[in-house]
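Student: Below you will find the structure I want to go over with you.
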Ligand SMILES: NC(=O)C1=CN([C@@H]2O[C@H](COP(=O)(O)OP(=O)(O)OC[C@H]3O[C@@H](n4cnc5c(N)ncnc54)[C@H](O)[C@@H]3O)[C@@H](O)[C@H]2O)C=CC1
Ligand SMILES: CC(=O)C(=O)O
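Structure, rendered in structure tokens:
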């Protein structure tokens, strides 16, 4: 009998079991029995806060097959159970995935590979400082508990103000800064790419453009880094194309920064775009894709000469160990 211990690709027939089985050794000798051994853990993703944003993230993670187990935690017991059942019914159309939900952060999130924090929505009446105090207090309840049950997990903070809360989550978790990330200006960058793509008449996936520094009003556009199909097009377009003068660029920046407010004014909240953004970050982290995203990271040591402990949205490489620099 020969143990299947080497890791050549097994292929699609145990597709969903890729987390369960070692893959067939090569070459396979006639007459030898190949034993498939459990070798890799399943991938578990926890989402704390099953509101509009949390559910959009779960929906996107589910349809992209990024997790074998999803744990949903929310303070509203009945509502989160209803959401779990609805998702379980939906998941019958997808490869096998376990979905659990409830209010117990420690029990539900235990042994997560990735935990996303999406609690709670801002209230229009509260000042930004009041919101910050309230959300830090919430993170004080949630983050140490997640860290206790999942000491090796990655933490992805989405709640606002995201850059500041990513810092709070880092401090509260006791994790190395490489494993605590805020979704940062990834969504602002998506909005910028969307607007540039519209102006240029190209697909948004072919537009590379970054907003950096702080998610929201303080976000800065890195105009000199805009590329279309790998070409630095903006300086050329500015010279040749009246649509890209300084005023037009400032108009695009304002539309990006005002994008959230516009959507919230019309539908009450934003959800789908952050759902896709967070799932894309989750993919790069869990699958070690090492793609570069503008996300909130500890800027100390990340930016040469910066000695302050501040989380800022900067382009960072994301892989299985978190921020790779
Ligand atoms: N970083 C970004 O780009 C974006 C961030 N956001 C932020 O995401 C957050 C969530 O927004 P929404 O989902 O629209 O809000 P929501 O109000 O729909 O959902 C929040 C959920 O958190 C739950 N919750 C409250 N306290 C809790 C606790 N102690 N434990 C567990 N669950 C608790 C609530 O029951 C609710 O289901 C907000 O801070 C929002 O500003 C939203 C969009 C984009
Ligand atoms: C709400 C929010 O932060 C956004 O959609 O950008």
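Numbering (the working numbering), first residue to last: 232 to 556.
A virtual CB, placed ideally from N, CA and C, is assigned to each residue, including glycine.
Which residues in the same chain as residue 348 place their Cβ atom closer than 6 Å to its Cβ, once the five residues preceding and following it in sequence are excluded?
Tutor: The count along the chain shown starts at 1 and reaches residue 348 at position 117. Answer for residue 348: 279, 388, 390, listed in chain order.
Student: Just list the beta strand (DSSP E) runs in the segment 388-439, keeping only unbroken ones of 3 residues or longer that don't cross its boundaries, in chain order.
Tutor: 411-413
Student: Short check: CB of residue 551 to CB of residue 517, under 9 Å?
Tutor: Against the chain shown, residue 551 aligns to sequence position 320. Against the chain shown, residue 517 aligns to sequence position 286. For the 9 Å CB-CB criterion, residue 551 and residue 517 form a contact.
Student: Measuring only from the beta carbon, is residue 524 closer than 8 Å to any heavy atom that is part of ligand 1?
Tutor: Counting from 1 along the chain shown, the entry for residue 524 is found at position 293. No.
Student: Apart from the five residues just before and just after residue 523, which ones in its own chain have a Cβ nearer than 6 Å to its Cβ?
Tutor: The count along the chain shown starts at 1 and reaches residue 523 at position 292. Contacts found: 546, 548.
Student: Assuming the contact rule is C-beta atoms closer than 8 Å, residue 303 and residue 289 should be a hit. Round their C-beta distance to whole Å, please.
Tutor: As a first step, residue 303 is located in the chain shown; it is residue number 72 there, counting from the start. As a first step, residue 289 is located in the chain shown; it is residue number 58 there, counting from the start. So it is a contact: roughly 6 Å between Cβ atoms.
Student: Name the one or two DSSP bridge partners that residue 452 has.
Tutor: Residue numbering aside, residue 452 sits at position 221 when the chain shown is read from its first letter. Answer is 442.
Student: When the distance is taken between beta carbons, is residue 312 closer than 9 Å to residue 332?
Tutor: Here the question's residue 332 lines up with position 101 in the chain shown. Here the question's residue 312 lines up with position 81 in the chain shown. Yes, they are a contact pair.
Student: So, at 8 Å on beta carbons, what are the nonlocal neighbours of residue 540 in its own chain, with the 5 sequence-adjacent residues on each side left out?
Tutor: As a working note, residue 540 is residue 309 in the chain shown. Closer than 8 Å at the Cβ level, and outside the excluded window around residue 540, lie 398, 529, 531.
Student: Around the C-beta of residue 392, are 16 or more other C-beta atoms found within 10 angstroms, so that it is buried, or is it exposed?
Tutor: If you number the chain shown from 1, residue 392 lands on position 161. Label assigned to residue 392: buried.
Student: Give the DSSP-derived three-state secondary structure of residue 293 in the structure shown.
Tutor: The residue labelled residue 293 in the question sits at position 62 within the chain shown. DSSP places residue 293 in helix when its eight states are reduced to three.
Student: If you measure from the beta carbon of residue 433 to each beta carbon in chain C, is any gap under 9 Å?
Tutor: This model lacks chain C altogether, as it is built from one protein chain only.
Student: According to DSSP, residue 546 sits in a beta bridge with which residue or residues?
Tutor: Position 315 of the chain shown, counted from the first residue, corresponds to residue 546. In DSSP, residue 546 forms a bridge with 525.
Student: I'd like to know if the segment 418-436 and the segment 371-378 are in contact, where contact means that at least 3 CB-CB pairs between them fall below 8 Å.
Tutor: no
Student: How would you call residue 416, buried or exposed, if buried means at least 16 neighbouring beta carbons within 10 angstroms?
Tutor: Counting from 1 along the chain shown, the entry for residue 416 is found at position 185. Buried.
Student: Do residue 542 and residue 336 count as a contact pair if the criterion is CB distance below 9 Å?
Tutor: As a first step, residue 336 is located in the chain shown; it is residue number 105 there, counting from the start. As a first step, residue 542 is located in the chain shown; it is residue number 311 there, counting from the start. Not closer than 9 Å, so no.
Student: Hey, is residue 369 close to ligand 1, as in C-beta under 8 Å from one of its heavy atoms?
Tutor: Residue numbering aside, residue 369 sits at position 138 when the chain shown is read from its first letter. Correct: residue 369 has its Cβ closer than 8 Å to ligand 1.
Student: In or out: residue 366 buried (at least 16 other Cβ within 10 Å) or exposed?
Tutor: Reading the chain shown from its first residue, position 135 is the one you call residue 366. When all chains shown are included, residue 366 counts as buried.
Student: Using the Cβ count rule (16 or more neighbours within 10 Å means buried), how would you classify residue 476?
Tutor: Sequence index remark: in the chain shown, residue 476 carries index 245 (1-based). With fewer than 16 Cβ atoms within 10 Å of its Cβ, residue 476 is classed as exposed.
Student: Candidates 295, 321, 350, 320: which alpha carbon is nearest residue 305's?
Tutor: Residue numbering aside, residue 305 sits at position 74 when the chain shown is read from its first letter. The residue with the shortest Cα to Cα distance from residue 305 is 350.
Student: What three-state label does DSSP hand residue 381 in the structure shown?
Tutor: Taking the chain shown and counting its residues from 1, the one referred to as residue 381 is at position 150. Three-state DSSP puts residue 381 in coil, outside helix and strand.
Student: At 4 residues or longer, what runs of the alpha helix (DSSP H) sit wholly inside the segment 309-363?
Tutor: Taking only runs of at least 4 residues, the alpha helix (DSSP H) segments lying wholly in the segment 309-363 are 336-340.
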